[in-house]
Amino acid sequence: MPVPFDVKHLFGNKQKDGDSTSNPSSKTTTHPFNFEDGSYQYPSMAEEALEMLQVSMLIYSITDLRSLAKHPKKSTTIKAPQRILDLPLSLTTCLELLEENYDVVKETFGDDEHANTISSLQSIHARYQQLHQNNNTSPKNNATVSFVAQWLNPLLSSGDSQGIEVQPSSSSTTTIPQVPLLTAYGDENPETDMVYAVGIDPIRKRVTVAFRGSVTPTDFIKDASIIMNHQPNPIKQLYPHHEYDTVGIHQGFFDYLLKKRIQNRNKLEEIVEHVIALFREVPERQSTYKLYVTGHSLGGALATLFSLYVASSIGDKSSNIPGPVSCISVASPRVGDRNFQAAFAHLEEHGLLRHLRIANHRDPVTIMPGATGKKIWATLSPVSFIAFKLMDNQFTEKETFRHTGIKLLLGKGEYEFFYAGNPLDDVEADDQKASQDKASPESNASTKEKSRQKTKSIRKEKIPDVVFHLGKAYTDNITSVAQQLSNISLNDLYRIQVAAIVAKGGMVEEGEQS
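Residue numbers (this note's numbering): 560 to 1073.
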């Protein structure tokens, strides 16, 4: 019997006078999938996707540099090692250290296991050299600020690195410098444990949590732990009448994020503590900032799991974390079962969680795992299958992994959207599209035909290849469609097209293969 994990325990019992412990009605939107109340300006999909992709790549580089600073090798010398370890870390300092030590990190981590890190560093290096050439200036002067704005800002800031003053809180007598900062880094054991980073962005007005993807043997062992760990459904505390009492979670991802460790704490609680501290530091952030969560590969899976649990707690006013939580995962494997998917969708529908799941066509990681080892064995053994079905009629569903969120499927110069296996292009609910339909039926028919051709084109090569899982492939594909994505809003996709799918009862993922 699983031990209940009290989501409200994430935030302790620190409540303001007059606050109730839970008030889900205050977070329930009038219309389903409505995330906007006028207090926050959401970026375009192109900006959200590119910025979070850059974050999910950079955490590889920063972690490796910090590892070299902690444990220098005889053949290498890190410049200013203590500066990369000191927190909070400004974005200008972070950039300078990455650039100054580029050759050292590349030489040390030049093997296949660190391909994502090197890909990220090569992209950074090329971008830096181009900006230096264009500006004809020293790398330590104007090019630094310009480079930071393009590459490091998503994690640390999305604007100029110059100091700006924050408006003080009503109870404060001093101003707080608005300096882009990396405020927390969880890399005590990067070779044997998960790695995360927390940063604050005063220009985009967001707090960002990033998880590192698979690098070490321990990471790959966790990835391969395809046992379903059934846990109490975290949203039941917010929505007690929800259909499912438990959710199934990938055992490896559960161990990294939710398994109790020293002092009976898990990594989820540790990270949330850092996040809450940033929102409480300046009370106005609770009404003007949002929480973003991202990661690549294993990092994307941890981002998905983390987002579900944090979003499940937003109804607790003592959390101080404003909704919705925005999860932008890259190259993520499946994380949970049907119940997990349903709980995730319930939070999406109530405006507490939004998820853009970015997947390259032919990336093998994004179509795994399909089922647990138990189900795979049962498939190979008819006798075992019958026995399992007799013990539990829901055996098949409980041992099948499912994806969550809106999937952005990418090819070179092409893209498609899906929700629970349903292509969003087929939903005739967009107001602008409906207007165009009335004005020009021929144009609408042409658009549908182009959509069908695009779907056929993007899927004409079916053999997965690990090269499509690497950061460079994702950067190339997103960049190739950035102009089109800049005209698309994730919130509009939810509010119009996903809402139409749910209204038609299309919430079961059937045979999605990518």
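Even for Gly, the Cβ is constructed at its ideal location relative to N, Cα and C. Only a predicted model underlies this, so the values are computations on that prediction, with no experimental measurement involved.
| request: Pull up the CB-CB distance for PHE770 and GLY858, whole angstroms please, since I reckon it's below 8 angstroms. | output: That pair is a contact at about 4 angstroms.
| query | In terms of alpha-carbon separation, which member of LEU644, SER603, ALA628 and VAL664 lies closest to SER620? | reply | For SER620, the nearest C-alpha among the options comes from VAL664.
| field | Which residues DSSP lists as bridging LEU741, in chain order | value | LEU648 and GLY758
| message | Between VAL806, GLY964 and SER846, which has its C-alpha nearest GLY882's C-alpha? | response | SER846
| message | Measuring only the C-alpha atoms, how far is PRO776 from MET753? | response | In this structure, the straight-line span from the alpha carbon of PRO776 to that of MET753 is close to 12 angstroms.
| query | So what does DSSP say about HIS909, is it helix, strand or coil? | reply | coil
| field | Straight-line Cα distance separating GLU747 from HIS800 | value | 40 angstroms
| message | With distance defined between alpha-carbon atoms, name the residue in PHE865, ASN919 and GLY758 nearest to PRO647. | response | Selected option, being the one with the closest Cα: GLY758.
| From ARG921 to ILE1022, what does the alpha carbon distance come to, in whole angstroms? | 6 angstroms
| request: Would you tell me roughly how many angstroms separate the C-alpha atoms of ASN593 and ILE1055, rounded to the nearest one? | output: 10 angstroms
| task | Give me whichever residues DSSP pairs with SER1092 in a beta bridge. | result | The chain is shown from 560 up to 1073; residue 1092 falls before or after that span and cannot be answered.
| request: Enumerate, from N- to C-terminal direction, the unbroken alpha helix (DSSP H) stretches of 4 or more residues contained entirely within the region 809-833. | output: 810-816
| message | Could you tell me the alpha carbon to alpha carbon distance between CYS886 and GLY854, rounded to whole angstroms? | response | 9 angstroms
| said: Assuming LEU967 is part of the beta strand (DSSP E), what are its boundary residues? | reply: Per DSSP, LEU967 is one residue of the beta strand (DSSP E) stretching across 965-970.
| task | Within 10 angstroms of the Cβ of ASN1046, are there 16 or more other Cβ atoms? Answer buried if so, exposed if not. | result | exposed
| said: Tell me which residue opens and which closes the beta strand (DSSP E) that ARG765 is part of. | reply: 765-770
| Anticipated Cβ contact below 8 angstroms, ILE637 with ALA628, distance rounded | 5 angstroms
| field | Same chain, Cβ closer than 8 angstroms to THR1014, five either side skipped, listed in chain order | value | At THR1014 the pLDDT is 48, less than 50, meaning the model places this residue with poor confidence and gives no usable figure here.
| request: Compare the C-alpha of VAL1061 against each of GLN1042, ALA904 and LEU915 and name the closest. | output: Nearest option by C-alpha distance: ALA904.
| message | Considering Cα atoms alone, identify which of ASN1036, SER1048, LYS1063 and ASN660 is closest to GLN600. | response | SER1048
| query | Just the Cα atoms here: how many angstroms apart are THR635 and GLY964? | reply | 43 angstroms
| message | Beta-carbon within less than 6 angstroms of MET1086's beta-carbon, same chain only, minus the 5 sequence neighbours each way: which residues are those? | response | Here the chain has residues from 560 to 1073 only, and residue 1086 is not among them.
| query | In its own chain, which residues sit with a C-beta less than 6 angstroms from the C-beta of MET611, not counting the 5 before and 5 after it? | reply | Sequence-distant partners of MET611 (beyond 5 residues in either direction) whose C-beta falls short of 6 angstroms from its own C-beta, in its chain, are THR853 and ILE887.
| said: Whole angstroms are fine: how far does the CA of ALA756 sit from the CA of ARG844? | reply: For ARG844 and ALA756, the distance between alpha carbons rounds to 19 angstroms.
| field | GLN641 (DSSP reduced to helix, strand or coil) | value | It is helical.
| request: Please classify LYS849: does DSSP put it in a helix, a strand, or coil? | output: strand
| said: For a test of the three-state rule: what should DSSP assign to THR805, helix, strand or coil? | reply: THR805: strand per DSSP, three-state reduction.
| said: Taking the alpha helix (DSSP H) that TYR599 belongs to, which residues open and close that run? | reply: Neither: TYR599 is in no alpha helix (DSSP H) and is coded neither H nor E.
| field | Cβ contact (3+ pairs, closer than 8 angstroms) linking the region 794-808 and the region 759-766 | value | The answer is no - the region 759-766 does not touch the region 794-808, with fewer than three Cβ pairs under 8 angstroms.
| request: Note down, in chain order, each residue of its chain lying with its Cβ closer than 6 angstroms to the Cβ of LYS1063, except the 5 sequence neighbours on either side. | output: For LYS1063, same chain residues with a beta-carbon under 6 angstroms away, outside a window of 5 residues either side, do not exist.
| task | Provide the residue(s) that pair with GLN790 in DSSP beta bridges, ordered along the chain. | result | VAL806
| message | Assuming GLU607 is part of the alpha helix (DSSP H), what are its boundary residues? | response | 604-629
| Whole-angstrom C-beta distance between VAL884 and GLU912, which should lie under 8 angstroms | Here the sequence assigns Leu to residue 912, which means Glu is not the residue at that position. Right, the Cβ-Cβ distance comes to about 5 angstroms (below 8 angstroms), so this counts as a contact.
| message | Strictly by DSSP, which residues pair up with PRO1023? | response | Beta-bridge pairing links PRO1023 to no other residue.
| query | Does DSSP classify PHE977 as helix, strand or coil? | reply | strand
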